[in-house]
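In our numbering, the protein residues as written are 361 to 902. Every residue gets a Cβ at the ideal spot worked out from N, C-alpha and C, and that includes glycine.
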Amino acid sequence: MTIRTIATTPIAGQKPGTSGLRKKTPVFMGHHYLENFVQSIFDVVGAQGKTFILGGDGRYFNDRAAQVILRMAAANGAARVIVGQGAILSTPAASHLIRLNKTDGGIIMSASHNPGGPEEDFGVKFNMPNGGPAPEGVTEAMYKRTTEITEYRIVEAQDVDLGRVGRTSLAGMVVDVVDPVADYAALMESLFDFGAIRAMFASGFRMRMDSMCAVTGPYAVEILERRLGAAPGTCVNAVPLPDFGGMHPDPNPTWAKTLMDEMFGESAPDFGAASDGDGDRNMVVGRGIYVSPSDSLAVLAANAHLAPGYAKGLKGVARSMPTSAAADRVAAALGIGSYETPTGWKFFGNLLDAGRATICGEESFGTGSDHVREKDGLWAVLLWLNILAVRKQTVAEILAEHWARFGRNYYSRHDFEAIASDKADAMMGALRGALPGLKGQAVEGMVIAAADDFAYTDPVDGSVSTKQGVRVLFEDGSRFVLRLSGTGTEGATLRMYLERYAPGPGGLDLDPQAALAPVIRAAHGIARIADFTGRKSPDVVT
Ligand code: VG1
Ligand code: CO
């Protein structure tokens with residue numbers, strides 16, 4: 361087989377965001393687009409003699425992109441690539457395979473919670489040998505490489521058969537096609553009390569798992585229905601489709617509305633859950649009660665010791681800065697460390713590797729632990745099930761007891777989507793400019809205690825990340841945070857994160873939007889969102 365060196369020129373804008381490079385699918389399918397980025401990855405991390413994991417969430421172009429990446433890995437001298445059958449791997453399963461096989465990293469083809477299809481989104485990201493997303497220093501080097509690239513290497517060959525499990529070879533490179541589910545399911549079985557969960561299902565416990573026509577379907581069916589004995593049909597939308605059935609595979613109350621309706625309807629199941637495009641996010645819902653991701657993180661941290669994999673206790677809890685402080689209160693009560701990082705899972709890697717944190721979470725429906733180096737949707741669902749099986753209480757009872765003990769951090773995120781980038785930038789610029797004068801001002805009956813642009817110094821390697829979100833903190837513990845999304849592919853998305861603490865015992869049962877109303881008004885007033893963007897109300901509320 362011939363190795364070809366193809367001349368190319370840099371393509372603007374190949375800068376990875378919060379989680380990899382994401383663009384509209386036609387952009388990714390454009391001349392040399394995928395090839396330039398993949399060559400830049402290999403140029404930075406080196407491919408000669410190395411072993412990589414490859415898989416994706418099954419979205420449109422996943423299968424074609426996998427063949428290109430395999431041919432390029434072979435041409436760049438990789439020794440072996442382990443690929444999920446059908447080029448499928450959930451993000452947490454890919455992270456696990458990287459670690460289990462002690463590989464030199466992996467390439468994940470996904471735009472995660474973004475819609476998929478010929479006119480929707482595609483994405484590529486590189487994960488390191490620890491299984492976690494490449495840190496900023498590495499993604500910056502890849503981006504820089506895309507601005508200088510002059511050629512890429514690819515072998516001329518027919519497609520590798522990815523439909524069958526087994527070993528083949530491509531221009532001297534070993535290609536191992538593996539079952540995407542088996543090793544991951546075994547890992548879950550090692551962490552949780554499957555016997556107790558099976559007994560709970562056997563006693564009539566009912567669940568609905570909505571995989572949103574995305575990657576967790578085969579994983580959920582195998583684990584929940586086959587291994588844990590949940591009733592057949594517990595998992596819905598369980599066949600991954602290239603366009604996710606036209607759905608937006610983002611597990612939140614807006615996009616997983618069918619699940620929400622069922623959980624709030626008559627004869628609702630005991631427990632509901634949904635996951636996103638690549639399987640790293642989760643939403644959990646009890647009968648008639650929604651669990652906010654920040655609360656979910658806190659409840660999981662407070663109860664993780666009930667699962668065998670965490671019986672020895674937690675080393676620490678980490679959360680992204682915009683996530684509510686509910687988990688901090690649990691960490692304080694447990695006497696363990698708590699950490700506040702910028703948005704994006706890549707910032708948890710060092711804390712997990714150094715053994716400082718065991719459980720991590722983000723307000724964006726992401727929770728995970730040191731079992732892999734990604735957030736993990738089904739892991740969170742199984743930890744909840746394990747806790748429910750041991751405590752023998754409803755989700756509502758567990759939340760009520762949690763708030764009674766720790767107080768309640770009312771929390772919500774408002775998203776304003778597809779704003780013209782220049783308007784969003786002008787708004788953030790003006791807000792940043794106003795920060796020094798905010799302290800001491802009274803707004804909506806609350807006094808501003810501090811206002812800054814979040815900067816993070818990694819406690820393990822000392823690397824510094826600046827401009828990670830503007831926060832305005834009030835003296836009563838309320839706060840709002842504003843930042844622009846780093847995963848969108850159209851204009852700018854403004855994220856407004858809102859929080860207010862109620863110590864209890866009274867006032868723990870309010871509607872979050874009502875409880876947060878003064879903070880919401882303060883945020884709009886201070887940031888002058890309508891003046892700059894014309895937007896008065898959000899597109900998505902979670
Ligand atoms: C969003 C979330 C962030 C998450 C990221 C990737 O980023 O806010 O918490 O880590 O998506 O999630 P941003 O920059 O758009 O706010 V996933 O499941 O799309 O990989
Ligand atoms: Co995701």
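What I want to know is whether the C-beta of residue i ends up closer than 7 Å to one or more non-hydrogen atoms of the ligand CO.
i, result
"D636", "yes"
"T614", "no"
"D451", "Strictly speaking, residue 451 in this sequence is Thr, with Asp absent from that position. Yes, the beta carbon of T451 sits closer than 7 Å to at least one heavy atom of the ligand CO."
"D640", "yes"
"H473", "yes"
Determine the burial state of residue i: buried for a count of at least 16 other Cβ atoms within 10 Å of its Cβ, exposed for fewer.
i, result
"T362", "exposed"
"E585", "buried"
"T873", "Residue identity check: residue 873 is Gln in the sequence provided, not Thr. Exposed: under 16 other Cβ atoms inside 10 Å."
"G418", "buried"
"G497", "exposed"
"S684", "buried"
"P682", "buried"
"G715", "exposed"
"P629", "buried"
"T943", "No answer is possible for residue 943: the residues shown for the chain start at 361 and end at 902."
"T385", "buried"
"P819", "exposed"
"T510", "exposed"
Cβ of residue i versus every heavy atom of the ligand VG1: is any distance shorter than 7 Å?
i, result
"H774", "no"
"T847", "yes"
"T703", "yes"
"T499", "no"
"R855", "yes"
"S897", "no"
"S455", "no"
"E480", "no"
"S571", "no"
"G415", "no"
"S656", "no"
"S724", "yes"
"T385", "no"
"T378", "yes"
"S627", "no"
"S680", "yes"
Who are the near neighbours of residue i in its chain, counting only those whose CB is closer than 7 Å to its CB and skipping five residues on each side?
i, result
"P611", "M572, A634, S635, D636, R641, N642, M643 and F725"
"T499", "P376"
"W763", "G864 and L868"
"F834", "M806, V807, I808 and A809"
"E850", "A778"
From which residue to which residue does the alpha helix (DSSP H) around residue i run?
i, result
"A628", "Per DSSP, A628 belongs to no alpha helix (DSSP H) and is neither H nor E."
"V841", "Where V841 is concerned, there is no enclosing alpha helix (DSSP H), although the beta strand (DSSP E) it sits in stretches over R839 to L844."
"M560", "F554 to A562"
"I458", "T451 to L460"
"V755", "V755 to F766"
"D891", "I889 to T893"
"E500", "E496 to T506"
Residues in its own chain within less than 6 Å of residue i by CB, not counting five upstream and five downstream?
i, result
"L798", "I808 and A811"
"T826", "A815"
"V599", "G577"
"I413", "I442, A454, L457, I458, T463 and G466"
"G377", "G846 and T847"
"M432", "V398 and I514"
"Q801", "I808"
"D403", "R505"
"E395", "Y512"
"H316", "Look at the range of the chain in this structure, 361 to 902, and you will see that residue 316 is not part of it."
"V732", "P452, S455, H456 and G491"
"F631", "M567"
If I measure Cβ to Cβ from residue i and keep anything under 8 Å in the same chain, skipping five residues before and after, which residues do I get?
i, result
"V538", "I442, V443, G444, Q445, L457 and V525"
"D553", "A667, P668, N746, A749 and V750"
"F561", "M567, L588, G589, A590 and A591"
Which residues mark the beginning and the end of the beta strand (DSSP E) in which residue i is found?
i, result
"A447", "R440 to I448"
"R513", "E511 to V515"
"Y697", "Here the sequence assigns Gly to residue 697, which means Tyr is not the residue at that position. G697 to T701 is the extent of the beta strand (DSSP E) around G697."
"V537", "M533 to V538"
"I808", "M806 to D813"
"D736", "No beta strand (DSSP E) holds D736; DSSP gives it neither H nor E."
"I468", "G466 to M469"
"L381", "L381 to K384"
"N597", "From DSSP, N597 is part of no beta strand (DSSP E); its letter is neither H nor E."
"V398", "Premise fails: V398 lies in the alpha helix (DSSP H), Y393 to V405, not in any beta strand (DSSP E)."
"L712", "First-last for L712: G709 to D713, but that is the alpha helix (DSSP H), not the beta strand (DSSP E)."
"K485", "D481 to N487"
Would you verify that the beta carbon of residue i is, or is not, closer than 8 Å to some beta carbon of chain C?
i, result
"F486", "Absence of chain C from the displayed structure is noted, only one protein chain being present."
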